[in-house]
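What follows is a single structure, written as structure tokens, with notes after it.
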Amino acid sequence: MPLDLQRIAQGLRLFEKQAPTRAVKVQPIFITVDPERDTPEVLKAYVAAFHPRMIGLTGTSDQIAAVTKKFVTVYSKVETKGSSGYLVSHTRTPYLFGQDGAPIIMLPVDDPATPDKDEGAPELVAASLDRWVK
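Take a look at the structure:
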């Protein structure tokens with residue numbers, strides 16, 4: 484979801500200012516659930532709009548299904564009459580992984596105090612990174 488990626492990228496930029504030596508340990512990654520449209524070239528341009536170090540990953544439909552199952556992400560195609568032919572509905576699961584590849588926490592992309600606003604979400608992401616990235 485673009486808004487979530489924006490909030491995560493803003494939070495990472497805050498963390499980069501606060502703790503630059505620890506922030507370089509964070510590799511932002513976006514994994515598509517729409518490999519049909521999200522080719523490597525498309526993903527490269529898409530993620531670059533959010534953060535210069537973000538990497539976009541895609542794969543076969545079976546590979547995407549395996550990753551989403553492992554990390555409890557639900558997604559589906561919703562047919563439309565628009566120009567794209569379909570939309571992709573999916574859950575929001577922004578994880579922070581440790582160096583061993585195991586998930587540590589889900590990053591907070593919404594501020595519970597202001598759920599309908601962007602306020603606070605980047606700060607919450609930065610605070611989570613500050614707490615967990617050593």
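Each residue of the sequence shown is one higher than the one before, counting from 484 in this note's numbering. We treat Cβ as the ideally placed atom computed from N, Cα and C, and that holds for glycine. Only a predicted model underlies this, so the values are computations on that prediction, with no experimental measurement involved.
Check the Cα spacing between Thr541 and each of Val550, Phe533 and Thr504: the tightest is with Val550. Taking C-alpha positions only, Val616 is separated from Lys527 by approximately 25 Å. When the five nearest sequence neighbours on each side are left out, the beta carbons in the same chain lying within less than 6 Å of the beta carbon of Arg505 are those of Val616, in order along the chain. For Phe580, the three-state secondary structure derived from DSSP is strand. In this structure, Pro511 lies near Leu495, with their beta-carbon atoms less than 9 Å apart. Arg490 is classed as buried because its beta carbon has at least 16 other beta carbons within 10 Å across all chains shown. Judged by their CB atoms, Ala502 and Asp613 are nearer to each other than the 9 Å cut-off.
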